[in-house]
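A.B. asks:
There are 2 protein chains.
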Amino acid sequence: MGSSSAQLTELEFPDEDVTSKDVRQRRFLVRREGREIPGLLWTPAGAAGTRPLVLIGHGAGGSKREQHIVGLARRLVRHHSFAAAAIDGPVHGDRRSDGAVDPALILAEFAQLWARDPAMVDEMVADWKSTLDALSQLEEIGSGPVGWWGLSMGTILGVPIVAAERRIEVAVLGLMGTGGPTDEFRKRIVQDARRVSCPVLFLLQWDDEIMRRSDVLDLFGEIASTDKRLHAHPGMHVEVPPEELEASERFFCDHLRR
Amino acid sequence: MGSSSAQLTELEFPDEDVTSKDVRQRRFLVRREGREIPGLLWTPAGAAGTRPLVLIGHGAGGSKREQHIVGLARRLVRHHSFAAAAIDGPVHGDRRSDGAVDPALILAEFAQLWARDPAMVDEMVADWKSTLDALSQLEEIGSGPVGWWGLSMGTILGVPIVAAERRIEVAVLGLMGTGGPTDEFRKRIVQDARRVSCPVLFLLQWDDEIMRRSDVLDLFGEIASTDKRLHAHPGMHVEVPPEELEASERFFCDHLRR
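Residue numbers (this note's numbering), protein chains in the order written: chain A, 1429 to 1686; chain B, 1429 to 1686.
1. Given that a residue counts as buried once 16 or more other Cβ atoms are within 10 Å of its Cβ, and exposed if not, what is G1578(A)?
2. For A1547(A) and chain B, any beta-carbon pair shorter than 8 Å?
3. So which of D1450(B), E1667(B), K1656(B), V1644(B) has the shortest CA-CA distance to S1509(B)?
4. Using a Cβ-Cβ distance under 8 Å, would L1658(B) count as near chain A?
5. Does M1548(B) pass the burial test, meaning 16 or more other C-beta atoms within 10 Å, or should it be called exposed?
6. Determine the closest residue to L1481(A) out of M1604(A), R1454(A), A1532(A), S1564(A), with distance taken between C-alpha atoms.
7. Using beta-carbon positions only, say whether A1621(A) and L1647(A) come within less than 8 Å of one another.
8. So what does DSSP say about S1558(A), is it helix, strand or coil?
9. Roughly how many angstroms separate the alpha carbons of V1668(B) and D1561(B), rounded to a whole number?
10. Is it buried or exposed for R1657(B), if we count other Cβ within 10 angstroms and need 16 for buried?
11. Out of R1503(B), G1608(B), V1600(B), which one is the CA nearest neighbour of P1546(B)?
12. Determine the chain A residues that contact P1662(B) at a beta-carbon separation under 8 Å, and present them in chain order.
13. Given a cut-off of 8 Å, decide if L1684(A) and G1602(A) are closer than it, judged by their beta-carbon atoms.
14. Measure the alpha-carbon distance for P1686(A) versus A1476(A) and round it to whole angstroms.
15. Within 10 Å of its beta-carbon, does H1765(A) have 16 or more other beta-carbons around it, so buried, or fewer, so exposed?
16. What are the start and end residues of each continuous beta strand (DSSP E) run of 3 or more residues lying completely inside the stretch 1442-1466 of chain B, in chain order?
17. Among A1652(A), V1529(A), V1618(A), which residue has its Cα nearest to the Cα of P1627(A)?
18. Among residues of its own chain, excluding the 5 on either side of L1673(A), which ones have a beta-carbon nearer than 8 Å to its beta-carbon?
19. Below 8 Å on the Cβ atoms is my contact criterion, and I expect D1636(B) with H1665(B) to pass it. Report the Cβ-Cβ distance as a whole number of Å.
20. Would S1432(B) be called buried (16 or more neighbouring beta carbons within 10 Å of its own) or exposed?
21. Which residues share a DSSP beta bridge with P1670(A)?
22. What residue does the alpha helix (DSSP H) around I1589(A) start on, and which one ends it?
23. Could you tell me the distance, in whole angstroms, from the CA atom of A1473(B) to the CA atom of V1600(A)?
24. I need the DSSP call for A1473(B), collapsed to helix, strand or coil.
25. Compute the beta-carbon to beta-carbon distance between R1460(A) and S1558(A), rounded to the nearest angstrom, for a pair I have assumed lies under 8 Å.
26. Using C-beta distances below 6 Å, list every residue in its chain close to A1511(B), excluding the 5 sequence neighbours before and after it, in chain order.
27. If you run the structure through DSSP and keep just helix, strand and coil, what is L1603(B)?
28. Helix or strand or just coil, what does DSSP make of A1488(A)?
29. Would R1523(B) pass as a contact of D1516(B) if the rule is Cβ separation under 8 Å?
30. Could you check if K1615(A) is buried or exposed, using at least 16 other CB atoms within 10 Å of its CB as the buried criterion?
31. Express the C-alpha separation of V1624(A) and E1494(B) in angstroms, rounding to a whole number.
32. Please say whether M1552(B) and S1580(B) have beta carbons closer to each other than 8 Å?
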C-alpha cells in the first residue's frame, strides 16, 4: 500500500533550505489528488542513508513552525541523527490562503471544522500517509523506523494516524481525552485508541483547563498498547515542562535506534 | 535538632560487612530510647567524604533485603557513588524475634498494627530520623543531601517522614492513595501530603488490585510540591516496570548531585 500510493504523490522543495548548527531545514510540499500538503523537514546536514523519522503534529492555533515543534525536531536531528517532519494541520499555517496567524481565530475555525466535518480526520490521516510515502523515497530517510509525536490537536489527529499507519512504531500522545464536539468523534477516538498497539508515552497536565482530567485518563486507559506509560505534571494545558521533551527524546531513542 | 537527637542515638555495625563489585554492604543497628532499629547501609568501597544518601523504605511483607531494594541501593552506589540505607518496617525483618519471613503473615500483622496503633507512624518517623542522625555522623556520608524512595508501605510511612524531615530534599513515592484503615489515618496522610514540598516522583499502577486508582490520583493531587510528576503504567500492584527504577535513579541524580 505504501509504495502504490507513493506513486501518486509528488514531493517538492519549493524554496526554503537553510542549515544551522548542522541541522538542515527544508520546506516541502506534497501533492496528492488535488491536495497540497505543506511541511517542514529536518535532517542532519549532509545526511546519507536510511534513518529513523519522527512525524510531529502541532497543536491547534499553532503551526509546523511552533517553537517547541522546531525545538524537538532539531534536538532529534542534532542528538540522534534522526530525521523529523511536521505538516500544517487543517486551517493552519501554509494551508491558509489568507496568511492569518492569530491563534484565537485559527483555534475557533478548527473547532468549527472539527464539529462539522468528520471527514477532516480521514483527510489528515491520508495527508500524513502521503507525506510518509513521499519522504520515504528520499535517500537520506528511506524506510527506516517511524515515530509519532503530537499533543492536543496532535493527538486528536494522532490517535487515528497511529491506529491507521503500521509503519509508526512508537508514539508520544496526550493533552486530549475521550471528549470531543460530537458523539461521532467521541466514538471514533475511542475506537482508534483501541487499535493503537505500539509503545506509547502519554502526557497529562493536572490542571488542564481545556481537557477534563478524567477524560484524558480514560483515553490513556483505552489505548490498547500493553507498553504504555502516562506522565502527569501540575500546570495548565500549554505548560508541559521541558522534562517531557527530554523524556520524548529518550523514548524515541530507545525505540527507534537500531 | 538533628545534632541533639544524634547524641542520644548509638550506631553499631554488629556483623555483616561484605563488599561485592565495589559496593560495600553493612548491617547496622541504631539504638534510640530502648528501640533497636535494624538496617542495611550501602556505600562505595573505600568511600571517604560527604556524599548524597538515599533512604529506602520497603513494602509491606518484604524487608530491607528485598531484591529491588538491594538492587536500587547498589545501582545508586555503583553509578553515582551515593550512599543508600534501608531499615526494616514495623513487624518486618530483623524487628521480628521469631524470624518469620512469610509475606502473607507479615502483611496481615502489619495491617492489624496499622488499624490499631496510630502511633506506629510516629515511631517509624522517629526511627528514620534517628537513623539519619546516626548515619550522618559517618565520615563517608556526612551531612550531604538526602533523598527518600518508598512505594506502598514505603509511602504509607514515607509521606509522614518526608513531611517531617526537612533534610530530605527529593522523594520517590507511590502505590498508595488517600485510603487507609481508619479515619484518623486517612486524615493524617492527607495532612502530611500537604506538608511535602520537595520535588516528587509519584508512581501509580493502572491495574492496582490493592490501592484504588482514584485514591492514588487523589494522594498525588494532595502533595503540596509544585515540582512533582506522576508516572503510571499498566499492571498490578507489584508490577512496577524496571523503567521506573531507571527513572528513580535519574531523578535522584538530577536532584542530589552537587
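Glycine included, C-beta positions come from ideal geometry on N, C-alpha and C.
C.D. replies: If we stick to the structure as given:
1. Buried, since its Cβ has 16 or more Cβ neighbours within 10 Å.
2. Chain B contact via Cβ: absent.
3. D1450(B)
4. Taking Cβ atoms only, chain A reaches closer than 8 Å to L1658(B), which makes this a yes.
5. Flag for M1548(B) reads buried.
6. Measuring from the Cα of L1481(A), the nearest candidate turns out to be S1564(A).
7. yes
8. helix
9. Using only the alpha carbons, I get a separation of about 31 Å.
10. buried
11. Measuring from the Cα of P1546(B), the nearest candidate turns out to be G1608(B).
12. T1654, K1656
13. no
14. In the sequence as presented, Pro is not what sits at residue 1686(A); that position holds Arg. If I take the Cα positions, the gap works out to 16 Å.
15. No statement about residue 1765(A) is possible, as the shown extent of chain A runs from 1429 to 1686 and does not include it.
16. 1445-1448, 1451-1460
17. A1652(A)
18. H1496, G1499, L1500, R1503
19. 5 Å
20. Bear in mind that the predicted position of S1432(B) carries a pLDDT of just 45, short of 50, making it unreliable; the figure below should be weighed with that in mind. Exposure of S1432(B) is indicated by the presence of fewer than 16 other C-beta atoms within 10 angstroms of its C-beta.
21. Answer is none; P1670(A) lacks a bridge partner.
22. Following the DSSP letters along the chain, one finds I1589(A) inside the alpha helix (DSSP H) bounded by residues 1586-1592.
23. 41 Å
24. coil
25. 4 Å
26. T1471, R1479, L1481, I1569
27. Coil.
28. coil
29. yes
30. exposed
31. 36 Å
32. no
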